[in-house]
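Visitor: Numbering (the UniProt record's numbering), first residue to last: 1 to 347. We put the beta carbon where it would ideally sit given N, CA and C, even for glycine.
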């Protein structure tokens, strides 16, 4: 018997089995465009995830920024604002007793620093603090946190005739005595018994300038200076000037002095700058009408800022800003609810 040269014939069952196996293989093997479709789906998935992640990050960042903007950084006393005195502003006491920071340019109340029961006689500023001499005695300080408290290490009943502050030092004049309070302690100066201080100015180094008068006199009679240490003062002669200084304030150039043009009474006043060592005039300054009655000239106040501008102020609504040789009137800070200021303003 010969062997077959070809494969034997398959039965119907074998054919069915082979057909099933081919079908399974076709289902498993990828079609020609399968890879392209798979990569396309992958890219779409990746883009979707990136959009979700980016959107989520943006939402989270926005939420953090909103939290920072909305949530307050601290608390403050009700009805007051942190001091934070603006550069172009002055401080005064309104009729309702509120110490307020007022814009020089617009005469708008910028911040309310706190309310005092009772009137004050004088106000001075030092960086972010405001000091006020109370009519009933003593000195209070308005702090940057918006609170008002008595000045430490000072008798609350002391009568304050003049007040000044600079670089952490507070000078308080009462009669013929001057106290300078600072972190280093209390410095005491005594004038001759027949003299009383009408005005005082302290600079960043601790030097003092005083406009003094004889007891019983209506106006000042001389200028006195004190160094950074010690408890005595010395008189300063001002060549060629007959009228004694009414007010004094330190500037970067020297000592600014406010005095009458005519010693006989009211009328115009002049601000000049003196060399504190020799008393010589180094700046002619400006002459102007203070806008007050002759008998009110002695009640003018003069303070300065870091730009060497000087504010000459009186009660009610009379303020003059002296900037070099230029003098201009400032609008009055008067409102129907609060009226006009009850005390001279201070820069």
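Taking only three categories from DSSP, how would you classify residue 88?
Guide: Coil, per DSSP.
Visitor: Between the beta-carbon of residue 120 and the beta-carbon of residue 343, is there less than 7 angstroms?
Guide: Yes.
Visitor: What is the DSSP secondary structure of residue 323, reduced to helix, strand or coil?
Guide: Note: residue 323 maps to strand in three-state DSSP.
Visitor: Along the chain, where does the beta strand (DSSP E) that runs through residue 240 open and close?
Guide: First-last for residue 240: undefined, no H or E at that position.
Visitor: Which same chain residues end up closer than 6 angstroms to residue 292 when comparing Cβ atoms and leaving out the 5 residues on each side of it in sequence?
Guide: Same-chain partners within the cutoff: 314 and 318.
Visitor: Tell me whether the beta-carbon of residue 209 lies closer than 7 angstroms to the beta-carbon of residue 255.
Guide: Their beta carbons are under 7 angstroms apart, which means residue 209 touches residue 255 by this criterion.
Visitor: Residue 346 and residue 172: beta carbons closer than 7 angstroms?
Guide: Taking 7 angstroms as the Cβ cut-off, residue 346 and residue 172 do not qualify as a contacting pair.
Visitor: Nearest to residue 330 by CA position, among 88, 104 and 89, is which residue?
Guide: Among 88, 104 and 89, the Cα nearest to that of residue 330 is on 104.
Visitor: What's the gap between the Cα of residue 261 and the Cα of residue 248?
Guide: Roughly 16 angstroms separates the two Cα atoms.
Visitor: Do residue 310 and residue 327 count as a contact pair if the criterion is CB distance below 7 angstroms?
Guide: It is not a contact, given that the beta carbons lie outside the stated cut-off.
Visitor: Whole angstroms are fine: how far does the CA of residue 199 sit from the CA of residue 178?
Guide: Roughly 11 angstroms separates the two Cα atoms.
Visitor: Cα separation between residue 131 and residue 124?
Guide: Answer to the nearest angstrom: the Cα atoms are 5 angstroms apart.
Visitor: Just to confirm the assignment, what range does the beta strand (DSSP E) spanning residue 199 have?
Guide: Segment 195-202, the beta strand (DSSP E) holding residue 199.
Visitor: Could you give the DSSP three-state label for residue 299: helix, strand or coil?
Guide: Reduced to three states, the DSSP call for residue 299 is helix.
Visitor: Assuming residue 147 contacts residue 129 under a Cβ cut-off of 8 angstroms, what Cβ separation, rounded to an integer in Å, is found between them?
Guide: Not a contact, Cβ separation roughly 11 angstroms.
Visitor: Determine the burial state of residue 284: buried for a count of at least 16 other Cβ atoms within 10 Å of its Cβ, exposed for fewer.
Guide: By the neighbour-count rule (16 or more Cβ atoms within 10 Å), residue 284 is not buried but exposed.
Visitor: Rounded to whole angstroms, what's the CA-CA distance from residue 240 to residue 182? Just pull it up for me.
Guide: One C-alpha to the other measures close to 37 angstroms.
Visitor: What are the boundary residues of the beta strand (DSSP E) that residue 231 is part of?
Guide: Per DSSP, residue 231 belongs to no beta strand (DSSP E) and is neither H nor E.
Visitor: Once DSSP output is grouped into helix, strand and coil, what is the label at residue 70?
Guide: Residue placement at residue 70 is flagged as unreliable, the pLDDT there being 32, under the threshold of 50; a coordinate-derived value is accordingly withheld.
Visitor: For the candidate residues 231, 190 and 312, whose alpha-carbon lies nearest to that of residue 270?
Guide: Residue 312 is the option with its Cα nearest to residue 270.
Visitor: Which same chain residues end up closer than 8 angstroms to residue 273 when comparing Cβ atoms and leaving out the 5 residues on each side of it in sequence?
Guide: The residues are 251, 253, 254, 255, 256, 257, 281, 282, 283 and 285.
Visitor: Identify which residue in 231, 244 and 237 has its Cα closest to the Cα of residue 187.
Guide: Considering only alpha carbons, the answer is 231.
Visitor: Taking DSSP's pairing of strands, which residues face residue 409 in a bridge?
Guide: A query on residue 409 cannot be resolved here, the shown segment of the chain reaching from 1 to 347 and no further.
Visitor: Within 10 angstroms of its Cβ, does residue 226 collect 16 or more other Cβ (buried), or is it exposed?
Guide: Classification of residue 226: buried, given that the 10 Å Cβ count is 16 or more.
Visitor: Which same chain residues end up closer than 7 angstroms to residue 174 when comparing Cβ atoms and leaving out the 5 residues on each side of it in sequence?
Guide: Hits under 7 angstroms: 158, 159, 160 and 161.
Visitor: Just verifying my parser: in three-state terms, what is the DSSP assignment at residue 294?
Guide: Here residue 294 sits in helix by DSSP.
Visitor: Check whether the Cβ atoms of residue 166 and residue 204 lie closer than 7 angstroms to each other.
Guide: For residue 166 and residue 204, yes; Cβs fall inside 7 angstroms.
Visitor: Is residue 100 near residue 112, with beta carbons less than 7 angstroms apart?
Guide: Against a cut-off of 7 angstroms, the Cβ pair of residue 112 and residue 100 comes out as a contact.
Visitor: Leaving out the 5 sequence neighbours to the left and right, which residues in its chain are closer than 7 angstroms to residue 153 when beta-carbon positions are compared?
Guide: Answer for residue 153: 181 and 186, listed in chain order.
Visitor: Please report the Cβ distance between residue 201 and residue 164, rounded to the nearest whole angstrom; I am assuming they are in contact, meaning their Cβ atoms lie under 8 angstroms.
Guide: Between residue 164 and residue 201 the Cβ distance is about 5 angstroms, and since that is below 8 angstroms, they are a contact.
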